[in-house]
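Engineer: The opening position of the sequence shown corresponds to residue 5 in the numbering used here, with each subsequent residue numbered one higher. If you scroll down you'll find the structure; I have some questions about it.
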Amino acid sequence: MTDADLILVYERGFLKILLVSGIFILCMHYFDLYGTLVLGSRREVLTRFAQVLGTVSLIQAVLYYVYPALRLGREIFLVGIILGALFVTGGRQLFLALNSWHRFAERVLIFGDDGPLAQHLISEFQTRPELGIAVVGQVSQDHDLTHASGGSGASGLEELSQLAESQSIDRIIVTMGDRRGKLPVEFLLQLKGRGVEIQDGAELYERVTGKAPLESLRLSWLLFSPGFYNLRPLLLYKRIFSLIFSAVCLLLSSPLMFLITLAVRLDSPGPVIFRQKRVGKDGKIFTLYKFRSMCDGADRNGDLRPVQKRDDRITRVGRWLRRSRLDELPQLYNILRGDMHFVGPRPFVPEQEEELARQIPFYRQRWTVKPGATGWAQIHRGYCASVKDNAEKLAYDLFYIKNMSPGLDLLILFQTIKTLVLGRGAR
């Protein structure tokens with residue numbers, strides 16, 4: 005390599021490295037290397053990092069061909085790959101090992117009844133060592149003490165205080181359902197003054213799982229939580245963002261929508277666009293538009309059952325459209341009209357909504373915001389054919405409504421793009 009070549013390679017080197025780093029970060033996100041589910045398997049981490057390298061190399065090859073001035077240099081890129089492999093794989097394994105080691109784990113005590121909230125939290129802590137939380141014991145609201153090892157200890161707040169001191173408890177998680185006249189406030193304040201963190205179990209459950217604690221949900225959680233009210237600036241942002249983003253997407257996807265129109269028309273008889281009544285904000289009914297993916301008239305004669313994975317009503321082209329979610333492109337028109345936002349809870353047909361509202365508590369809270377083409381529940385749940393599945397989907401929707409923000413919307417869009425590109429989580 006001549007001196008002139010070196011000058012070209014290192015000129016604006018910081019910007020070039022920044023570009024490559026950004027591509028790496030995006031690719032690692034789309035291959036789930038920032039998720040905790042793959043941390044436990046070294047082979048999975050290595051496999052996905054190899055996929056990242058292949059994708060990054062392909063993207064860079066295209067960029068260098070189109071714009072040669074972006075060329076970073078093979079030597080620098082090779083050194084970056086070696087260091088990246090060491091830090092990405094080694095760093096994640098070190099994080100998992102240190103966070104899972106009992107010496108570094110945060111020692112917690114569950115305080116409250118042995119209900120669904122307590123059981124779900126304990127299960128999450130036991131199955132996800134990367135959280136770095138070790139449950140030392142559990143105390144019922146009657147102050148009966150049970151150690152995590154299964155042995156029964158003494159009862160009473162005095163023994164609880166001794167346990168907190170002898171076991172070096174870092175945090176007490178309160179999971180009591182009914183706290184009126186039962187929560188020992190003064191005692192917990194004394195422990196807090198001694199450096200023990202006191203945390204609400206429902207709040208921690210949200211942070212750990214990304215969904216609302218539906219089985220132990222209280223009206224006070226809905227009433228006094230920081231979410232569940234629509235601020236005017238937030239609504240204005242969502243409308244402007246949805247309007248601009250949908251207009252751009254509609255313009256860019258026009259050629260693809262034309263090809264899909266031809267494919268649907270040639271595949272089976274019937275209209276290209278499927279129209280269906282859906283429930284929107286405050287329970288108002290609107291018409292939703294999609295590319296038809298089922299046989300014409302499949303929803304007539306009262307056949308409104310949820311779509312199954314292998315549904316005989318779906319056409320050949322429709323199966324591909326649903327798998328790639330391209331059948332939902334006409335919903336961009338709904339977003340332009342203001343029926344929907346780009347991000348929000350998914351709308352359903354009125355009959356299904358009314359039935360679920362009768363069977364699932366707090367279900368009507370989904371209607372406090374405009375529905376969306378994609379949402380927090382959509383990227384976490386696929387098919388929901390049962391009431392139980394829809395209840396879990398509601399838990400994700402309530403989490404989104406409570407924590408609705410521009411940052412969360414961007415995260416959902418990134419996850420949705422990952423689903424479209426990699427086919428993960430498509431319904």
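Beta carbons: idealized from backbone N, C-alpha and C, even for Gly.
Using 10 angstroms around the beta-carbon of Leu22, count the other beta-carbons present and answer buried if the total reaches 16, otherwise exposed.
Structural biologist: Within the sequence shown, the letter at position 18 stands for residue 22. Leu22 is exposed by the Cβ-count criterion.
Engineer: Can Lys374 and Met344 be called in contact, C-beta distance under 8 Å?
Structural biologist: Looking up residue 374 in the sequence shown gives position 370. Looking up residue 344 in the sequence shown gives position 340. Yes. Within cutoff.
Engineer: Restricting to runs no shorter than 3 residues, where is the beta strand (DSSP E) found entirely within the stretch 154-203?
Structural biologist: If we require 3 residues or more, the beta strand (DSSP E) runs fully inside the stretch 154-203 come out as 156-159 and 175-178.
Engineer: Can you list, in chain order, the residues of its chain with a C-beta nearer than 8 Å to that of Phe18? Leave out the 5 residues immediately preceding and following it.
Structural biologist: Working through the sequence shown from its first residue, we reach residue 18 at position 14. Nothing meets the Cβ criterion.
Engineer: Distance check for Asp316 and Leu221, CA to CA, integer angstroms please.
Structural biologist: Here residue 221 is taken as the residue at index 217 of the sequence shown, counted from 1. Here residue 316 is taken as the residue at index 312 of the sequence shown, counted from 1. Straight-line Cα distance between these residues: approximately 38 Å.
Engineer: Ignore the nearest five residues each way along the sequence and tell me which others in Asn103's own chain have a CB closer than 6 Å to its CB.
Structural biologist: Position 99 of the sequence shown holds residue 103. Glu134 and Gly136, listed in sequence order.
Engineer: Is the beta carbon of Leu330 sitting closer than 8 Å to the one on Ile264?
Structural biologist: Along the sequence shown, read from residue 1 onward, the residue named residue 330 stands at position 326. Along the sequence shown, read from residue 1 onward, the residue named residue 264 stands at position 260. Yes, the Cβ-Cβ distance between Leu330 and Ile264 is below 8 Å.
Engineer: For the beta strand (DSSP E) containing Lys294, name the first residue and the last one.
Structural biologist: For the purposes of this step, residue 294 is identified with residue 290 of the sequence shown, where counting begins at 1. Ile289 to Phe295 is the extent of the beta strand (DSSP E) around Lys294.
Engineer: Since I believe Trp371 is in contact with Ile416 (beta carbons under 8 Å), could you give me their beta-carbon distance rounded to a whole number of angstroms?
Structural biologist: As a first step, residue 416 must be located in the sequence shown, where it is residue number 412. As a first step, residue 371 must be located in the sequence shown, where it is residue number 367. Not confirmed; about 19 Å, so no contact.
Engineer: Could you give the DSSP three-state label for Phe346: helix, strand or coil?
Structural biologist: Within the sequence shown, numbered from 1, the residue matching residue 346 stands at position 342. Phe346: strand per DSSP, three-state reduction.
Engineer: Could you tell me whether the stretch 104-121 touches the stretch 73-92, where touching means 3 or more Cβ pairs closer than 8 Å?
Structural biologist: Taking 8 Å as the limit for Cβ pairs, the verdict is that the stretch 73-92 does not touch the stretch 104-121.
Engineer: Measure the CB-CB distance between Gln142 and Ala122 and report whether it falls below 8 Å.
Structural biologist: Locating residue 142 in the sequence shown gives position 138, where the first residue counts as 1. Locating residue 122 in the sequence shown gives position 118, where the first residue counts as 1. In this structure, Ala122 lies closer than 8 Å to Gln142 by Cβ.
Engineer: Classify Glu459 as buried or exposed, calling it buried when 16 or more other Cβ atoms lie within 10 Å of its own Cβ.
Structural biologist: The requested residue 459 is not part of the displayed model; the chain covers only 5 to 431.
Engineer: Specify, as a first and last residue, the run of the beta strand (DSSP E) that Pro281 falls within.
Structural biologist: Within the sequence shown, the letter at position 277 stands for residue 281. Inspection of the sequence shows that residue 281 is occupied by Lys rather than by Pro. First-last of the beta strand (DSSP E) with Lys281: Ile277 to Val283.
Engineer: To the nearest angstrom, report how far apart Gly157 and Leu164 are at their CA atoms.
Structural biologist: Locating residue 157 in the sequence shown gives position 153, where the first residue counts as 1. Locating residue 164 in the sequence shown gives position 160, where the first residue counts as 1. Bear in mind that a pLDDT of 41 at Gly157, under 50, signals an unreliable position, so the model cannot answer this.
Engineer: Just verifying my parser: in three-state terms, what is the DSSP assignment at Gly95?
Structural biologist: Along the sequence shown, read from residue 1 onward, the residue named residue 95 stands at position 91. It is helical.
Engineer: Quick check: what's the CA-CA separation for Leu76 versus Lys20?
Structural biologist: To locate residue 76, count along the sequence shown from 1; it is residue 72. To locate residue 20, count along the sequence shown from 1; it is residue 16. Distance between the alpha carbons of Leu76 and Lys20: 6 Å.
Engineer: Cα-Cα, which of Leu226, Cys299 and Gln356 is closest to Ala399?
Structural biologist: Translated into the one-based positions of the sequence shown, residue 399 becomes position 395. Nearest of Leu226, Cys299 and Gln356 to Ala399, Cα basis: Leu226.
Engineer: Could you tell me which residues DSSP puts in a beta bridge with Ile137?
Structural biologist: The residue given as residue 137 occupies position 133 in the sequence shown. DSSP, once it has assigned bridges, lists Glu110 as partnering Ile137.
Engineer: For Gly119, which three-state DSSP category applies?
Structural biologist: Working through the sequence shown from its first residue, we reach residue 119 at position 115. Coil.
Engineer: Does the beta carbon of Gly205 fall short of 7 Å from some heavy atom of the ligand ZN?
Structural biologist: Within the structure as shown, the ligand ZN is missing, as the structure has no ligands at all.
Engineer: In whole angstroms, what is the alpha-carbon distance linking Val92 and Arg132?
Structural biologist: As a working note, residue 92 is residue 88 in the sequence shown. As a working note, residue 132 is residue 128 in the sequence shown. Using only the alpha carbons, I get a separation of about 20 Å.
Engineer: Kindly list the residues whose CB is nearer than 6 Å to the CB of Ala216, restricted to its own chain and excluding five residues on each side of it in sequence; keep chain order.
Structural biologist: By one-based count along the sequence shown, residue 216 stands at place 212. Ala399, Leu402 and Phe403, listed in sequence order.
Engineer: Spatial neighbours of Ala377 within its chain, please: CB distance less than 7 Å, with the 5 preceding and 5 following residues excluded, ordered by chain position.
Structural biologist: Translated into the one-based positions of the sequence shown, residue 377 becomes position 373. Glu332, Gln335, Ile339, Met344 and Phe346, listed in sequence order.
Engineer: Taking C-alpha atoms, which residue in Arg47, Pro72, Gly39 and Phe53 lies nearest to Arg88?
Structural biologist: Looking up residue 88 in the sequence shown gives position 84. Note on residue identity: the sequence assigns Gly, not Arg, to residue 88. It is Phe53.
Engineer: Have a look at Arg385 and Arg282 and give me their C-alpha separation to the nearest angstrom.
Structural biologist: For the purposes of this step, residue 385 is taken as residue 381 along the sequence shown, with counting starting at 1. For the purposes of this step, residue 282 is taken as residue 278 along the sequence shown, with counting starting at 1. The alpha-carbon atoms of Arg385 and Arg282 are separated by roughly 20 Å.
Engineer: What residues in its chain sit with their C-beta under 8 Å from that of Gly284, if we drop five residues either side in the sequence?
Structural biologist: Position 280 of the sequence shown, counted from the first residue, corresponds to residue 284. Result list for Gly284: Phe290, Asp343, Met344, Pro351, Trp371, Lys374 and Pro375, in chain order.
Engineer: Among residues of its own chain, excluding the 5 on either side of Val49, which ones have a beta-carbon nearer than 8 Å to its beta-carbon?
Structural biologist: Within the sequence shown, numbered from 1, the residue matching residue 49 stands at position 45. Leu37, Val42, Leu43, Val92, Thr93, Arg96 and Gln97, listed in sequence order.
Engineer: Would you kindly work out how many angstroms separate the C-alpha atoms of Glu182 and Leu223, rounded to a whole number?
Structural biologist: As a first step, residue 182 must be located in the sequence shown, where it is residue number 178. As a first step, residue 223 must be located in the sequence shown, where it is residue number 219. According to the sequence provided, residue 182 is Asp. The question's Glu does not apply to it. Asp182 and Leu223: Cα-Cα distance of roughly 12 Å.
Engineer: Taking the beta strand (DSSP E) that Gly376 belongs to, which residues open and close that run?
Structural biologist: On the sequence shown, residue 376 is found 372 positions in, with the first residue counted as 1. Unbroken beta strand (DSSP E) run through Gly376: Gly376 to Thr378.
Engineer: Cα-Cα, which of Leu260, Met261, Asp300 and Lys288 is closest to Arg279?
Structural biologist: Along the sequence shown, read from residue 1 onward, the residue named residue 279 stands at position 275. Nearest option by C-alpha distance: Asp300.
Engineer: Anyone know if the C-beta pair for Ile383 and Thr423 falls short of 8 Å?
Structural biologist: Residue 383 sits at position 379 when you count from the first residue of the sequence shown. Residue 423 sits at position 419 when you count from the first residue of the sequence shown. Their beta carbons are under 8 Å apart, which means Ile383 touches Thr423 by this criterion.
Engineer: According to DSSP, which residues form a beta bridge with Met298?
Structural biologist: Taking the sequence shown and counting its residues from 1, one reaches residue 298 at position 294. DSSP output for Met298 lists Ile318 as bridge partner(s).
Engineer: Which same chain residues end up closer than 7 Å to Asp271 when comparing Cβ atoms and leaving out the 5 residues on each side of it in sequence?
Structural biologist: On the sequence shown, residue 271 is found 267 positions in, with the first residue counted as 1. So the qualifying residues of the chain are Thr319, Arg320 and Val321.
Engineer: Please name the residue, chosen from Thr59, Asp413, Cys253 and Val66, that lies closest to Lys242 on a Cα-to-Cα basis.
Structural biologist: Mapped onto the sequence shown, residue 242 falls at position 238. Nearest of Thr59, Asp413, Cys253 and Val66 to Lys242, Cα basis: Asp413.
Engineer: Could you compute how far the alpha carbon of Val139 sits from the alpha carbon of Val24?
Structural biologist: Working through the sequence shown from its first residue, we reach residue 139 at position 135. Working through the sequence shown from its first residue, we reach residue 24 at position 20. Rounded to whole angstroms, Val139 to Val24 spans 42 Å at the Cα level.
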